[in-house]
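Asker: Per the working numbering, the very first residue in the sequence shown carries number 273; after that it's consecutive. For each residue, glycine too, the CB sits at the ideal point set by N, CA and C. After the structure tokens below, expect a handful of questions from me.
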Amino acid sequence: MRPGMRKGEAPKLFLGIHARLVFPDPEDEKAVLDLMRRFSSAVRFAYNRLLEGKDRKELKRADRPLCTLFRLNTRYADGAIEKAKALLASAEELGNDPRKVVFGGRGLFEQLKRKHLSGRPLEHLKRRWKEKRQGTLYSRGDGTKGGNLNLRLLPKDGALWLRVNLGDGSHAYALVKTGHPHLNLLLERVYASLPYNVELSLRDGKVYAHLSWGEALPPPVHTKENGVLGMDVNSDPYHLALAVVSPDGNLKRYLTISLEEVDAAPNKGAKELLLWKIAHQVVAVAEEEGTAIATERLKHLRKSRRGDGSGRWFRRKQHRFAHRSLLEKIHSLARKRGVEVVEVNPQDTSTIGMLKYAPQLSLSKDVAAAFVIGRRALGFAEKLPKGYEALLRDPSFLAHAEGFYPSRLQELATLKEAEKNRYLRRRLSREMGKARRALSLLSAFRGSPGSLRGSTVGRNPPGANPWRVLREALFLPLLGREVPRDLSPLKPVLNLAPPTLGPWERWKGSLGPHPGGGSAYRNVRFN
273 MRPGMRKGEA PKLFLGIHAR LVFPDPEDEK AVLDLMRRFS SAVRFAYNRL
323 LEGKDRKELK RADRPLCTLF RLNTRYADGA IEKAKALLAS AEELGNDPRK
373 VVFGGRGLFE QLKRKHLSGR PLEHLKRRWK EKRQGTLYSR GDGTKGGNLN
423 LRLLPKDGAL WLRVNLGDGS HAYALVKTGH PHLNLLLERV YASLPYNVEL
473 SLRDGKVYAH LSWGEALPPP VHTKENGVLG MDVNSDPYHL ALAVVSPDGN
523 LKRYLTISLE EVDAAPNKGA KELLLWKIAH QVVAVAEEEG TAIATERLKH
573 LRKSRRGDGS GRWFRRKQHR FAHRSLLEKI HSLARKRGVE VVEVNPQDTS
623 TIGMLKYAPQ LSLSKDVAAA FVIGRRALGF AEKLPKGYEA LLRDPSFLAH
673 AEGFYPSRLQ ELATLKEAEK NRYLRRRLSR EMGKARRALS LLSAFRGSPG
723 SLRGSTVGRN PPGANPWRVL REALFLPLLG REVPRDLSPL KPVLNLAPPT
773 LGPWERWKGS LGPHPGGGSA YRNVRFN
């Protein structure tokens with residue numbers, strides 16, 4: 273079920289068609305443009321009334337201002353309220369102040385405020401602004417009224433016409449011109465009197481129609497009962513990591529798909545085509561294996577900004593990351609092909625993959641994370657290996673990790689004091705914050721009973737999370753990197769039974785000196 277879907281509502285596949293409208297009679301076109309202007313004004317009116325807490329049923333009544341003031345019938349009034357509610361919900365979801373929504377687009381509004389244009393460029397900008405604010409008309413489909421009562425499609429003499437109800441009992445007619453591949457599906461709905469939504473928009477002086485409808489999704493054929501294809505999207509290197517997990521939780525096979533070609537796309541259209549191509553590749557693998565697809569449920573991804581000291585190269589990696597767009601395409605295509613989609617909590621998937629499966633199965637950290645995602649989708653919990661349990665019970669190991677971070681903090685503070693570049697000072701401040709949080713986590717773990725229980729489903733047990741403690745105690749103090757690429761040094765300690773000297777003493781003696789300890793942290797690259 274999609275987020276926000278009402279309980280009991282069956283999931284649907286939404287299809288749409290774009291078409292150009294041609295009016296044989298200029299008077300019809302003039303009447304439709306006037307109707308679009310009045311409807312757009314009604315949307316703004318309804319939006320402000322919804323902000324005031326007015327009721328939808330009250331607003332759409334025939335004797336209320338939405339109908340009388342803008343000369344709309346109740347169905348058009350209901351469509352205006354629906355468009356206003358969608359704008360309100362969008363502003364709230366994006367975390368914007370709903371009272372500061374700019375109808376017509378904030379980008380165009382800011383350009384007009386600058387007053388830096390004149391002549392034809394200024395006229396073109398004003399026309400775009402006017403079309404955005406005054407060029408909308410929407411009517412929702414209704415199966416009980418033969419498809420759509422206000423904006424009805426009429427096949428006639430081998431052509432498709434749109435009959436526009438002008439709200440006063442009269443109608444205007446426009447020829448629908450499109451070569452969209454879904455046209456036959458739309459015609460089937462028209463002949464069967466099934467509902468379809470119609471939205472008109474004005475662009476460059478021409479009227480366009482967007483016709484959309486929903487169809488029931490096919491029942492899933494490839495489910496997680498046959499296993500799961502775990503998927504992890506990574507920005508460095510820019511690629512997809514896929515892991516096929518059998519129903520018993522074992523790794524069957526894995527592969528990676530590069531996304532560098534997406535990054536090199538010359539424009540947005542080419543990028544979209546490449547993302548769809550990759551989505552088809554992922555779904556094809558799931559169909560070949562007969563499994564479901566498991567992805568992380570990520571709502572927000574952190575984006576760095578200029579001046580925070582993260583560096584141009586790092587910011588570019590973050591902003592090119594088409595994570596949300598790619599997942600939406602994969603989910604949509606998978607449901608259409610009958611492949612079950614499972615979203616899991618992303619908490620600690622990368623950490624568990626790096627600590628447990630990357631060294632154990634000789635996998636990259638990204639494939640290991642995809643493996644953890646697949647296992648989590650199947651309901652498997654991740655237990656700490658015996659070697660890690662013994663390591664966390666060893667006081668000398670935790671004391672070594674705790675001793676590393678005070679010296680790191682001291683040297684970072686010295687570097688920050690000597691640094692003249694304010695942006696690099698911010699970067700050093702972030703590193704100091706990470707070090708303080710790591711030290712706090714290690715201190716909390718030493719004083720928390722029962723904290724050796726792992727957490728993989730988003731609810732922490734009493735005490736600090738042991739996977740995170742291991743990450744802070746092993747990666748930077750011993751392996752010399754916040755996100756190490758080579759995780760093979762962890763393999764000897766994974767499944768060791770506690771020997772006489774303890775796994776920490778034995779491991780420490782076999783590895784020799786480790787980069788990143790004490791003043792050697794200067795060799796550590798900030799990630």
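1. Would T346 be called buried (16 or more neighbouring beta carbons within 10 Å of its own) or exposed?
2. Take L670 as the anchor and find which of T621, P756, V741, L360 has the nearest alpha-carbon.
3. Over what stretch of residues does the beta strand (DSSP E) that includes A444 continue unbroken?
4. Please report how far the alpha carbon of G477 lies from the alpha carbon of G521, in whole angstroms.
5. Indicate the three-state DSSP secondary structure (helix, strand or coil) for H510 in the structure shown.
6. Looking only at its own chain, which residues have a Cβ that is under 7 angstroms from the Cβ of L493, when we skip the five neighbours before and after it?
7. Kindly give me the distance between the Cβ atoms of L287 and W433, rounded to whole angstroms, as I take these residues to be in contact under 8 angstroms.
8. Evaluate contact between the segment 702-709 and the segment 673-688, counting only Cβ atoms and requiring at least three cross-stretch pairs below 8 angstroms.
9. Where does P519 sit, in a helix, a strand or coil, going by DSSP?
10. Which whole-angstrom value is the C-beta distance of L341 and L438, which I expect to be below 8 angstroms?
11. Can you tell me whether S636 is helix, strand or coil according to DSSP?
12. If you draw a straight line from the alpha carbon of V614 to that of D297, how long is it in whole angstroms?
13. By how many angstroms is the C-alpha of A690 removed from the C-alpha of S701?
14. Does the segment 616-625 come close enough to the segment 637-645 that 3 or more CB-CB pairs lie under 8 angstroms?
15. In the DSSP assignment, what are the bridge partners of S484?
16. Check whether the segment 319-327 and the segment 360-375 are in contact - that is, three or more C-beta pairs closer than 8 angstroms.
17. Taking the alpha-carbon positions, what's the N732 to A745 distance?
18. Extract the residue ranges of the alpha helix (DSSP H) inside the segment 608-683, only unbroken runs of 4 or more that lie entirely within it.
19. With respect to the alpha helix (DSSP H) encompassing K332, which residues constitute its N-terminal and C-terminal limits?
20. N506: buried (16+ other C-beta within 10 angstroms of its C-beta) or exposed?
21. Using CA coordinates, which residue listed in R424, S712, E497, L598 is at the minimum distance from R461?
22. Assuming A649 and G502 make a contact with CB atoms under 8 angstroms, what is their CB distance in whole Å?
Answerer: Considering the structure as presented:
1. exposed
2. V741
3. 443-449
4. 59 angstroms
5. Per the sequence presented here, residue 510 reads as Tyr, with His not at that position. Three-state DSSP puts Y510 in a strand.
6. In the sequence as displayed, the identity of residue 493 is Val instead of Leu. G610.
7. 21 angstroms between Cβ atoms; not a contact.
8. yes
9. coil
10. Not quite, the Cβ-Cβ distance comes to about 17 angstroms (not below 8 angstroms), so this is no contact.
11. coil
12. 52 angstroms
13. 13 angstroms
14. yes
15. G288, N469
16. yes
17. Here N732 scores only 41 on pLDDT, less than 50, and its place in the model is too uncertain to base an answer on.
18. 621-624, 630-633, 637-649, 658-664
19. It is not in any alpha helix (DSSP H) - K332 carries neither H nor E in the DSSP assignment.
20. buried
21. R424
22. 7 angstroms
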